[in-house]
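Note that the numbering used here has the sequence shown beginning at 3, numbered continuously upward.
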Amino acid sequence: MRLIKFFTLLICFSVFACTGSKNTDDRIIIEETQEDSRITTEEAIEVHKEETQRELLSSADYDTTLWTDINRIQPDILLDLRYATTNNFLEKQLYECARCFLRPETAKALQKVHLELRTKGYGLLVWDCYRPQSVQRKMWAVMPNPNYVANPERGSMHSRGVAVDATIVDEAGIPLNMGTDFDYFGRAAHYDNRDLPEEVLQNRDLLRATMEKYGLMGIRTEWWHFSMRDLGYPLDEMVWGC
């Protein structure tokens, strides 16, 4: 009788072990299948992004090897291109329409700035990007002061496509307090002027630190102006379509 009980227990144990092993194997297979599915989905998303980017570039109305339209690679960067309106120090519309063009390297850097700010609940608002030499000459005629407007003979970084004028906005698209508006000609707009409210200084420091992290360097007299240097691009007369 004891021998029969022993063999009965042995058989039950073997069946349980096999069943448990099978369940474990099935669970491993399911988990691996889910993992494979997840990887496939992620890869598909990346492929879709790449295909979308190629489609955008192939349909572009400009030379994509030389220029990037910032909203084609980052649509949620806000634009308020003042020189496409009369709301500027010249009180004249200088651009036919508002499009922000930059050299590819500068556009990529600006995109990184915007994406980092997004992680903090902020984003970018851009006032000016590439500026044709013809527009630079008009500005110089009105404001021939190299502290604020580059002499067109020497050339502006804007006219090389490597400079941007920008500020930070909150999640509602409202600009942070930077102490002055864009194109304010005076000491209050100087970055090295620290005689300002702490909120203003912190906002300016956040903008500059994030820009310079990605190679967009600021200047002393305009807290909003940043450029990438030593890229070797010439002054340009390119005028974009609308």
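For glycine and all other residues, C-beta sits at the position ideal for the given N, C-alpha and C.
Decide if residue i is buried, meaning its Cβ has at least 16 other Cβ atoms within 10 Å, or exposed.
i	result
residue 99	exposed
residue 217	buried
residue 83	buried
residue 139	exposed
residue 225	buried
residue 65	exposed
residue 71	buried
CA-CA distance, residue i and residue j?
i	j	result
residue 189	residue 154	23 Å
residue 243	residue 200	42 Å
residue 214	residue 73	21 Å
residue 185	residue 223	10 Å
residue 147	residue 182	19 Å
residue 135	residue 90	18 Å
residue 102	residue 192	25 Å
residue 194	residue 206	10 Å
residue 88	residue 168	18 Å
residue 232	residue 67	18 Å
residue 93	residue 141	11 Å
residue 204	residue 198	10 Å
residue 77	residue 202	27 Å
residue 157	residue 95	21 Å
residue 143	residue 178	32 Å
residue 149	residue 187	9 Å
residue 130	residue 196	25 Å
Can you tell me the Cβ-Cβ gap for residue i and residue j, rounded? I've got them flagged as a contact below 8 Å.
i	j	result
residue 145	residue 151	5 Å
residue 209	residue 170	5 Å
residue 126	residue 116	5 Å
residue 164	residue 112	Not confirmed; about 10 Å, so no contact.
residue 85	residue 137	7 Å
residue 108	residue 230	5 Å
When you compare the CB positions of residue i and residue j, do they come within less than 9 Å of one another, or not?
i	j	result
residue 220	residue 227	yes
residue 180	residue 69	no
residue 123	residue 63	no
residue 110	residue 79	no
residue 212	residue 119	yes
residue 97	residue 238	no
residue 106	residue 162	no
Kindly identify the DSSP beta-bridge partner or partners of residue i.
i	result
residue 229	165, 219
residue 243	None, per the DSSP bridge assignment.
residue 125	171
residue 70	104
residue 177	171
residue 80	127
If we cut at 9 Å on Cβ distances, does residue i have a partner in chain D?
i	result
residue 139	The structure shown contains no chain D, having only a single protein chain.
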